[in-house]
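Report on the structure given below.
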Amino acid sequence: MDGLRYFLIPVMTLAGVIGFMLGGSYVWLGAATFPVLMTLDILLPADHKMRAQGTALLGDFAMYLQLPCMILLVWAFARSVATAINPITGADNSSWQLAGSLLSLGWLSAVPTLPVAHELMHRRHWFPRYVAKCLSAFYGDPNRDIAHIVTHHVHLDTAKDSDTPRRGQTIYSFVFQATWGSYKDTWEKSAEILRKLGHASLGWRNPVWLMPLLSGSIIVFVGLTAGLGATLTAVAAMVMAKMFVEGFNYFQHYGLIRVEGAPIELHHAWNHLGAIVRPIGAEITNHINHHLDGHIPFYALKPEPQAPQMPSLFLCFATGLIPPVWFRFIAQPRLKDWDERFATPGERKLADEANAHAGWPRWLASAR
Numbered sequence: 001m002d003g004l005r006y007f008l009i010p011v012m013t014l015a016g017v018i019g020f021m022l023g024g025s026y027v028w029l030g031a032a033t034f035p036v037l038m039t040l041d042i043l044l045p046a047d048h049k050m051r052a053q054g055t056a057l058l059g060d061f062a063m064y065l066q067l068p069c070m071i072l073l074v075w076a077f078a079r080s081v082a083t084a085i086n087p088i089t090g091a092d093n094s095s096w097q098l099a100g101s102l103l104s105l106g107w108l109s110a111v112p113t114l115p116v117a118h119e120l121m122h123r124r125h126w127f128p129r130y131v132a133k134c135l136s137a138f139y140g141d142p143n144r145d146i147a148h149i150v151t152h153h154v155h156l157d158t159a160k161d162s163d164t165p166r167r168g169q170t171i172y173s174f175v176f177q178a179t180w181g182s183y184k185d186t187w188e189k190s191a192e193i194l195r196k197l198g199h200a201s202l203g204w205r206n207p208v209w210l211m212p213l214l215s216g217s218i219i220v221f222v223g224l225t226a227g228l229g230a231t232l233t234a235v236a237a238m239v240m241a242k243m244f245v246e247g248f249n250y251f252q253h254y255g256l257i258r259v260e261g262a263p264i265e266l267h268h269a270w271n272h273l274g275a276i277v278r279p280i281g282a283e284i285t286n287h288i289n290h291h292l293d294g295h296i297p298f299y300a301l302k303p304e305p306q307a308p309q310m311p312s313l314f315l316c317f318a319t320g321l322i323p324p325v326w327f328r329f330i331a332q333p334r335l336k337d338w339d340e341r342f343a344t345p346g347e348r349k350l351a352d353e354a355n356a357h358a359g360w361p362r363w364l365a366s367a368r
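Start counting the sequence shown at 1; every next residue gets the next number (UniProt numbering).
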């Protein structure tokens, strides 16, 4: 069962494929996995167990299935949208079907695709890392691995990390910060490496060309298969997927602080140990254990219930869409506890300044 649980990843994607194949209102099937999984993740008890030895083979098989499942999903999407928007067919509820197709493709291109891409980009062999780039192309960021590994894993919880939201920052501004930061860091790091090797910054060796090549090929395929309307829908779904990706990223380090250059410790990431989000997130929600050693495979990550915890990641996402609710009932109470129980003296000083800048209560100043 420890290995089989990761097949929730391709099963989610195949639910979207089946919905697109059936057409009509069934195209909402992929998007419907969100409220179902959210309800289960909130209601089921937290999962603090280590995965059994021998999980690797089944777990890895589930990971590698995601790429062919996503290719199948895009094909089924193009077929479905072509039917929905073609006036010759006389399809009913085409706007309803188009909206469901957009939401289902956008959602499934982000989750569970991102966690699989994240897992594989940390592997040492070229093949899983290239599969990660192909998967990341479905949400328009095939070079995400560069900024993630070179910048985020080095500078997490500091001002240099665009993947760390500031206290008081909303999910809506963060998705633009993280998106711009990912593209910017990829360009700067790639150009820097090429210059040191004596190559042209914009030459064919620059991985930035993978974005129009890989992400563009998805859009071109949809266009050739189903026409302009499907192409525009696919582009919108890719943008939506990128927003979903950064939206969930928002909750991994929200408001956390680390003194630049200080070692990464157990309290420098939020952990979400829900029974559902762990397998569909490929254990990315055992987040601090991953940051302590980025090369540990997902099935060997150790849950850290004594480290800083957040409630269900789905619940965080739902409340994060309403910033006053997120700030008042989840972010501020959790960060107050983090400041008082986990932060170092240097981090407490920075945290008090961050609270003042955000216009939040200064609980550390009042405790002196």
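Glycine is no exception: its CB is placed at the ideal position from the N, C-alpha and C atoms. In this text the structure is predicted, and so the values were computed from the model without any measurement.
Item: Closer than 7 Å: K302 CB and nearest the ligand NAP heavy atom; Value: With respect to the ligand NAP, the structure offers nothing, as it holds no ligand at all.
Item: With 16 other Cβ atoms within 10 Å as the buried cut-off, status of A159; Value: exposed
Item: Contacts around G223, its chain only, beta-carbon distance under 6 Å, and the 5 residues preceding and following it disregarded; Value: T231
Item: H357 burial status per 10 Å Cβ neighbour count (16 or more: buried); Value: exposed
Item: Endpoints, alpha helix (DSSP H) assigned at R348; Value: 345 to 358
Item: As assigned by DSSP and simplified to three states, the class of N286; Value: coil
Item: Proximity winner among D47, A237, S190, F317, relative to S101 (alpha-carbon distances); Value: A237
Item: The segment 250 to 269 / the segment 179 to 192 touching (three or more Cβ pairs under 8 Å); Value: no
Item: Runs of alpha helix (DSSP H) wholly within the segment 154 to 242 (minimum 4 residues, chain order); Value: 171 to 196, 216 to 226
Item: Neighbour-count burial assignment, I322, 16 or more Cβ in a 10 Å radius; Value: exposed
Item: Between the CA atoms of L72 and R144 - distance to the nearest angstrom; Value: 23 Å
Item: C-beta contact flag for V116 and I9 at 8 Å; Value: yes
Item: Buried or exposed (CB count within 10 angstroms, at least 16 for buried), A328; Value: According to the sequence provided, residue 328 is Arg. The question's Ala does not apply to it. Per the 10 Å Cβ criterion, exposed.
Item: M50 versus G198: straight-line alpha-carbon distance, rounded; Value: 47 Å
Item: Nearest residue (CA-CA) to V27, options P142, L120, L266, T13; Value: T13
Item: Bridge-paired residues (DSSP) for Q97; Value: Note: Q97 sits in no beta bridge, so no partner.
Item: Same chain, Cβ closer than 6 Å to I88, five either side skipped, listed in chain order; Value: Per-residue confidence for I88 stands at a pLDDT of 45, beneath the threshold of 50, marking its modelled position as unreliable; no derived number is given.
Item: Spatial neighbours of A56 in its chain, beta-carbon cut-off 6 Å, leaving aside the 5 residues before and after; Value: Y299
Item: Spatial distance of I193 from I330 (CA atoms); Value: 41 Å
Item: Closest by C-alpha distance to A82, when choosing among L37, H148, G229, Q53; Value: G229
Item: Contact check, E246 vs A178, beta carbons under 8 Å; Value: yes
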